[in-house]
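Enquirer: Here the sequence shown is numbered in this note's numbering, starting from 2 and rising by one per residue. First the structure, which I've put down as C-alpha cells, then a few questions once you've had a look.
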Amino acid sequence: MDKDVENSCWRCLYLLRRKVMTTNHEVHCCHLHFGIPGCENVFINEKACGNSPYHVSVKLGKTTTNSSCDVVVDNDLNLSWLNDQLPTSLHNYFELYLPYCFAYMYAKQYRKPYTTSHTAQSLDGCTATKSGHSKWIGNQQNLIHAHRMRALCDAVLIGKNTLINDQPKLNVRHVEGSCPKRVIIGGGEELDFSSLVDADPGIIIHATKSPYPHASLNTIKLDNQENENSLENLLCVLCKKFNIYSVYIEGGAKIISSFLQQKLLNVMQMHISPMLIGDGMRICSLPAIEEIKEAQKFIRGKFFPIDDEIMFVGIPQ
Numbered sequence: 002m003d004k005d006v007e008n009s010c011w012r013c014l015y016l017l018r019r020k021v022m023t024t025n026h027e028v029h030c031c032h033l034h035f036g037i038p039g040c041e042n043v044f045i046n047e048k049a050c051g052n053s054p055y056h057v058s059v060k061l062g063k064t065t066t067n068s069s070c071d072v073v074v075d076n077d078l079n080l081s082w083l084n085d086q087l088p089t090s091l092h093n094y095f096e097l098y099l100p101y102c103f104a105y106m107y108a109k110q111y112r113k114p115y116t117t118s119h120t121a122q123s124l125d126g127c128t129a130t131k132s133g134h135s136k137w138i139g140n141q142q143n144l145i146h147a148h149r150m151r152a153l154c155d156a157v158l159i160g161k162n163t164l165i166n167d168q169p170k171l172n173v174r175h176v177e178g179s180c181p182k183r184v185i186i187g188g189g190e191e192l193d194f195s196s197l198v199d200a201d202p203g204i205i206i207h208a209t210k211s212p213y214p215h216a217s218l219n220t221i222k223l224d225n226q227e228n229e230n231s232l233e234n235l236l237c238v239l240c241k242k243f244n245i246y247s248v249y250i251e252g253g254a255k256i257i258s259s260f261l262q263q264k265l266l267n268v269m270q271m272h273i274s275p276m277l278i279g280d281g282m283r284i285c286s287l288p289a290i291e292e293i294k295e296a297q298k299f300i301r302g303k304f305f306p307i308d309d310e311i312m313f314v315g316i317p318q
C-alpha cells in the first residue's frame with residue numbers, strides 16, 4: 002500500500018473514533034473521505050461532500066440489501082460488506098480497525114468494554130521462551146499494528162508477569178494517536194512501575210487483591226477469593242469508574258487464557274511468526290479436552306498478511 006494512502010486512511014479512522022466518542026447524537030451512518038494526507042474528512046449522520054481518492058460509507062445497525070452504504074457494522078461490531086470497491090490492502094485495513102471506532106457505542110449498549118487480545122507466537126504456539134523472553138517474536142509491522150490498536154483502544158491491559166519480564170512502556174510511539182490508560186492485574190508492592198511512569202504521564206490502574214498506596218497509581222481491589230466473575234467485575238469497574246470502553250489485552254498467556262475461559266473476549270488476534278521455539282510458554286493454558294469437538298472454536302475467523310508474516314483474527318465461540 003502507498004504510504005501516503007496508508008497514513009491518510011489511519012488518520013481518517015482515528016478521526017472517526019474521536020468523533021463517535023464526542024458526538025451528542027446516536028450514530029446511524031458515517032462517511033469517510035481519505036487518500037490525501039491532511040485532507041481527511043469524516044461526516045457523522047450527514048451527507049458527505051467533497052472529492053477524495055477514496056470514500057467509504059458506513060451504516061450502523063442491521064444489514065439491509067437496500068442500503069446504499071458500503072459496509073454495515075452491527076451492534077456486536079461485526080462488519081458486512083455490501084459494496085466493496087477498495088483495493089485488498091485497504092479492505093484489510095478496514096476489516097482490522099473499523100470496529101474499534103465504534104467500541105464506545107458497544108460499551109454503552111452492553112455496559113462493558115469491548116475486549117481484544119493480541120499475542121505474537123511461533124509456529125509451534127509459543128509466546129515466549131521458558132524463561133519468559135519474547136522480544137521480538139513478531140515483525141516490525143506487527144509492532145506498528147500493536148501501536149495502532151493501543152491508539153484505538155481506551156486501555157491496554159497486561160498481567161504482573163508481563164510487567165516484570167518486559168518492563169513495557171505501553172504507550173503509542175510508532176503511529177499518530179493518543180496513549181491509552183494502562184491496566185496491570187496482580188502483584189503487590191514488589192512491582193516496579195517505573196517503565197510505565199517514565200513513558201507517559203497518563204493513568205495507570207493497578208488491579209490487585211491487596212492494593213497499596215502509590216503516588217502514580219489508581220487501584221482497584223480484586224476479590225480475595227478466586228471468582229469466575231472477578232474479571233467481569235473488573236471490566237465493569239473500568240467502564241463505570243474510568244470511562245474505559247475498549248480494552249486491548251497484550252498478555253501474558255495466563256491473563257488471556259482467563260479472559261478466554263470466562264468468555265470475556267470479543268476478539269482474539271494471534272500473530273504467527275515463522276520460527277520454532279520448542280519447550281516454551283504457550284499462548285493458552287486451557288483445560289484438557291477428550292474430543293476435538295470440545296475445542297475452542299472461532300467464528301468469522303480470517304488470516305491477514307502482516308508484511309511477510311500473518312495474523313489470525315477471530316471471535317471466540
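Yeah, the Cβ is synthetic: ideal placement off N, Cα and C, and Gly gets one too. Everything numeric in this text was worked out from a predicted model, so none of it was measured.
Can you tell me whether residue 96 is helix, strand or coil according to DSSP?
Expert: Helix at residue 96.
Enquirer: With DSSP as the reference, identify every bridge partner of residue 312, one or two as the case may be.
Expert: DSSP, once it has assigned bridges, lists 272, 305 as partnering residue 312.
Enquirer: From the DSSP secondary-structure annotation, give me the bridge partner or partners of residue 184.
Expert: Residue 184 is bridged to 158, 206.
Enquirer: Output the residue ranges of the beta strand (DSSP E) runs that lie fully inside the segment 235–297 and measure 3 residues or longer, sorted by chain position.
Expert: Segments of the beta strand (DSSP E) lying fully in the segment 235–297: 247–252, 268–273.
Enquirer: Please give me, in chain order, every unbroken run of the beta strand (DSSP E) with length at least 3 that falls completely inside the segment 14–79.
Expert: Taking only runs of at least 3 residues, the beta strand (DSSP E) segments lying wholly in the segment 14–79 are 30–35, 42–45, 55–61, 72–74.
Enquirer: Measuring alpha carbon to alpha carbon, tell me which residue in 50, 280, 86, 145 is nearest residue 98.
Expert: Ranking the options by Cα distance to residue 98, first place goes to 145.
Enquirer: With which residues is residue 104 paired in a DSSP beta bridge?
Expert: For residue 104, which the question treats as bridged, DSSP gives no partner whatsoever.
Enquirer: Looking at residue 282 and residue 131, is the spacing between their C-beta atoms short of 8 Å?
Expert: Yes; because the gap between Cβ atoms is below 8 Å, this pair is in contact.
Enquirer: Quick check: what's the CA-CA separation for residue 37 versus residue 54?
Expert: Each residue's Cα considered, the two are about 7 Å apart.
Enquirer: Does the beta-carbon of residue 136 have 16 or more other beta-carbons within 10 angstroms, so that it is buried, or is it exposed?
Expert: Exposed, because fewer than 16 other Cβ atoms sit within 10 Å of the Cβ of residue 136.
Enquirer: From the DSSP output, which residues share a beta bridge with residue 119?
Expert: Residue 119 pairs with 270.
Enquirer: By how many angstroms is the C-alpha of residue 271 removed from the C-alpha of residue 314?
Expert: Distance between the alpha carbons of residue 314 and residue 271: 6 Å.
Enquirer: Report the residue from 243, 112, 120 whose alpha carbon sits nearest the alpha carbon of residue 205.
Expert: Nearest option by C-alpha distance: 243.
Enquirer: How about residue 221 and residue 208: do their beta carbons lie closer than 8 Å?
Expert: Yes, these two residues count as a Cβ contact at 8 Å.
Enquirer: Can you tell me the Cα-Cα spacing of residue 187 and residue 247, whole angstroms?
Expert: When rounded, the distance between both Cα atoms is 20 Å.
Enquirer: Near residue 173, which residues of its chain fall below 8 Å by C-beta distance, leaving aside the five closest residues on each side in sequence?
Expert: If we look at residue 173 and ignore the five residues flanking it on each side, its Cβ neighbours are 148, 151, 152, 179, 180, 181.
Enquirer: Take the Cβ of residue 296 as the centre, count every other Cβ of all protein chains shown within 10 Å, and call the residue buried at 16 or more, exposed below.
Expert: Counting Cβ neighbours within 10 Å, residue 296 comes out exposed, since fewer than 16 surround it.
Enquirer: With a threshold of 7 Å on Cβ separation, who are the neighbours of residue 17 within its own chain once the five nearest residues in sequence on each side are excluded?
Expert: If we look at residue 17 and ignore the five residues flanking it on each side, its Cβ neighbours are 31, 33, 43, 102.
Enquirer: Once DSSP output is grouped into helix, strand and coil, what is the label at residue 221?
Expert: It is a strand residue.
Enquirer: Smallest Cα separation from residue 185: which of 235, 285, 288?
Expert: Ranking the options by Cα distance to residue 185, first place goes to 235.
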